[in-house]
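Structure first, then comments.
Number of protein chains: 2
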Amino acid sequence: MTAVPRDPEALFDAAVGGSRPALARLLSLVERGGDGAREISRRAAPRSGNAYTVGLTGAPGAGKSTLTSAVVSHLRSQGEQVAVLAIDPSSPFTGGAILGDRVRMQEHATDDGVFIRSMATRGHLGGLSLATPEAVRLFDAVGHRLVLVETVGVGQVEVEVAGKADTTVVVVNPGWGDSVQANKAGLMEVADVFVINKVDRDGAEQTRQDLEQMLDLAGHVAEGGWRPPIVSTVATTGAGVADVWNAVNAHRRHAEASGELERRRAFRAADELREVVARRLDQRARELCGQERWNQLTADVVARRVDPWTAADEMIGTER
Amino acid sequence: MTAVPRDPEALFDAAVGGSRPALARLLSLVERGGDGAREISRRAAPRSGNAYTVGLTGAPGAGKSTLTSAVVSHLRSQGEQVAVLAIDPSSPFTGGAILGDRVRMQEHATDDGVFIRSMATRGHLGGLSLATPEAVRLFDAVGHRLVLVETVGVGQVEVEVAGKADTTVVVVNPGWGDSVQANKAGLMEVADVFVINKVDRDGAEQTRQDLEQMLDLAGHVAEGGWRPPIVSTVATTGAGVADVWNAVNAHRRHAEASGELERRRAFRAADELREVVARRLDQRARELCGQERWNQLTADVVARRVDPWTAADEMIGTER
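Heads up: the protein sequence lines correspond to chains A and B, in order.
Counting in my numbering, the first sequence runs from -12 upward without gaps.
Counting in my numbering, the second sequence runs from -12 upward without gaps.
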């Protein structure tokens, strides 16, 4: 075994050269955030822009991990390489990311054509919304052409993250309409492809009708000319998985041809920039305002002498 | 029926006077964010500081809503008034908040001593993390002395929001250790009281041992002198619910006596202020940087000529 370099520069070169341990270490640096992550972004940005990203999300228990694993098997049978980023709010107590029920993916663990990473981002100040694009940019820069991003479809940030893919697949189950465990409105908004997984269970046809009706109500055809197709699967057996990937490719062709892909990527980049700006400004405001004044205004807010909006405006000087 | 006023000022006065429709309208303004929410915060801040907040969170299906409803019944039997804010990422397709499986709470719907509100915050630019403290501040200012905040314990923001209560109750189920559907590390971090709900199911004793072991590992006794107690319940029958509330009160007395409550509230206020500052600075940076330069730098990021961190620093001038 070759030794893995320690500094980001050498790690980056090694990862570009195909070193999996080097890529793994860089992803750990991204997870941690700070100067390391920033340096990686600086190197990765000019080399990126060639990866296609597919988000997979859905309610807890919908079978996202199983479907992701089945999609990976399908892609491998076609000879395609793929990277998987599993966003894991269930980060461990013990340090180091656990794969949890993603254990199913372990069938791919020894396959050099697959790179799977479970990412917890509790150390990253920007949280999921900044760590995810940084990790995707890194995969892209070191040569991955296809990146799957899997998130749980419950939290506000988690659904947004899944929606920031080139194509987003939303996984539901029969009976989904009765459940309030998922961020349904958020999921409806980000879906480019719907998958009804576990379609062998009762209520599949009703769920399909419900989804069609919601798509009718949302007027999805008019807007951009793409109506999310609804694909049926039993991910545990692999049934329907090829159809899922066909639907993803159909959306990809539509997005490329219509200019939607370009618009979406531009919007995403601007959105990320806006978040980074906010974070840098926060640091800068502290310098500008002076620690003493900052502390005084904070104390005023703590004591409820003023509300946060008024204090914020005083801190950054829009009131002066 | 008296007419409900339309402007925020009159609404606020009416809500302070006990008008429930006025309070409901103010909460809708908070949900929507913007100038309306800011004006409400400005009025509410000086009148607030008297409410005790209790967060309830846990994995989807853990029985949070049932437990919340049972706690409300217990409080009512003691003659206490209570407000419930149910944070609902499952916001509806149809406008207006739905209560979903919170339908159980409808037994309290006609009780004047209870105010229940399900809040979706998709319109609020600050999302949950800013809308929730604004809503709590409003409840506080109009005279509520006890506010329960219920969130699903999966997303990053949702767990943080629950953790920003004076006392946070984390609801788990037997077998919790095997599930990766919840943000476990996040939940461990915010818990002041653990509830094992559905304790009549298999594996309850194992779950208790697991929790105790995790608390041992985390060294929870040393830090602040409070070790989260573990309470067993069957929320559907009400068994153990009085114990939950006793544990909450024990934590409250500890937090008040040790100064922890004051520290926590100060930290929370500073944290909220930091978020508001970031949002205001974002607006201001656009003014300072000039739209043309801003657009140019955004285009550079979109085209991957620079990374977002470098562009951000140019926008806000730390590189000059």
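Glycine included, C-beta positions come from ideal geometry on N, C-alpha and C.
- Per the coordinates, the alpha-carbon of A:Thr224 lies some 20 Å from the alpha-carbon of A:Leu135.
- The Cβ atoms of A:Val41 and A:Val235 sit closer than 7 Å to each other.
- Here A:Gly114 carries a helix assignment [DSSP, helix/strand/coil].
- For A:Arg7, the number of other beta carbons within 10 angstroms of its own is below 16, and it is reported as exposed.
- Our two residues, A:Leu16 and A:Ala24, have alpha carbons roughly 6 Å apart in a direct line.
- At a beta-carbon threshold of 8 Å, the residues of chain A lying near B:Trp296 are Arg25, Ser28, Arg29, Val263, Arg267, ordered along the chain.
- In terms of CA proximity to A:Arg188, A:Trp163 leads the group A:Trp163, A:Leu204, A:Glu176, A:Ala244.
- At a cut-off of 7 Å between C-beta atoms, B:Gln278 does not count as an interface residue with respect to chain A.
- At a cut-off of 7 Å, the C-beta of B:Ser56 has no neighbouring C-beta in chain A.
- A direct Cα-to-Cα measurement between B:Thr154 and B:Asp179 gives close to 6 Å.
- Between the stretch 253 to 267 of chain B and the stretch 269 to 286 of chain A there are three or more inter-stretch CB-CB distances shorter than 8 Å, so the stretches are counted as touching.
- One thing to note: B:Ala128 has its Cβ no nearer than 7 Å to the Cβ of B:Ala1.
- Chain-order list of chain B residues neighbouring A:Val141: Pro47, Pro76, Val139, Val141, Gly142, Glu145, by C-beta distance under 8 Å.
- Relative to the Cα of B:Gly140, the nearest Cα in the group B:Gly45, B:Gln65, B:Glu199, B:Leu248 belongs to B:Gly45.
- Taken through DSSP and simplified to helix, strand or coil, B:Ser105 comes out as strand.
- Nearest Cα to A:Asn184 within the set A:Leu117, A:Ala49, A:Leu14: A:Ala49.
- Nearest in C-alpha terms to A:Glu137, of all of A:Ala257, A:His131, A:Gly130, A:Val157, is A:Val157.
- Considering only A:Gly142, A:Val231, A:Arg104, the residue with the shortest C-alpha distance to B:Gly114 is A:Gly142.
- Identification of chain B residues near A:Val289 by a Cβ-Cβ cut-off of 8 Å yields Arg252, Ala253, Ala256, Ala257, ordered along the chain.
- For A:Thr155, no Cβ of chain B is located within less than 7 Å of the residue's own Cβ.
- With its beta carbon less than 7 Å from one in chain A, B:Pro33 belongs to the interface.
- Of B:Gly36, B:His95, B:Tyr39, B:Ser35, the smallest CA-CA separation from B:His61 is found for B:His95.
- Within 7 Å of the CB of A:Gly114, the CB atoms of chain B belong to Gln143, in sequence order along the chain.
- Between A:Leu125 and A:Ile27 the beta-carbon gap is near 6 Å, inside 8 Å, which marks them as a contact.
- By the neighbour-count definition (other C-beta atoms within 10 Å, threshold 16), A:Leu174 is a buried residue.
- Think of a sphere of 9 Å around the beta carbon of B:Gly36: the chain A residues whose beta carbon falls inside it are Ala290, Arg291, in chain order.
- B:Asp230 places its beta carbon 7 Å or farther from that of B:Val221.
- Remark: C-beta atoms of A:Val69 and A:Leu133 approach each other more closely than 7 Å.
- Taking A:Glu259 as the centre and dropping the five residues before and after it, the same chain places the C-beta of Pro120 closer than 6 Å to its C-beta, in chain order.
- Residue pairing of B:Gly45 in beta bridges, as defined by DSSP: B:Val139, B:Val158.
- Under the DSSP definition of a beta bridge, B:Val17 lacks any partner.
- The C-beta separation of B:Asp287 from B:Ala298 comes to about 6 Å, placing the pair in contact by the 8 Å criterion.
- Going by DSSP, B:Thr55 is part of no beta strand (DSSP E) but of the alpha helix (DSSP H) stretching over 51 to 64.
- In this structure, A:Arg255 sits near A:Lys151, with a CB-CB distance shorter than 7 Å.
- Per DSSP, A:Asn37 lies in no beta strand (DSSP E) and is assigned neither H nor E.
- In terms of CA proximity to A:Lys51, A:Ile74 leads the group A:Pro(-5), A:Ile74, A:His238, A:Met201.
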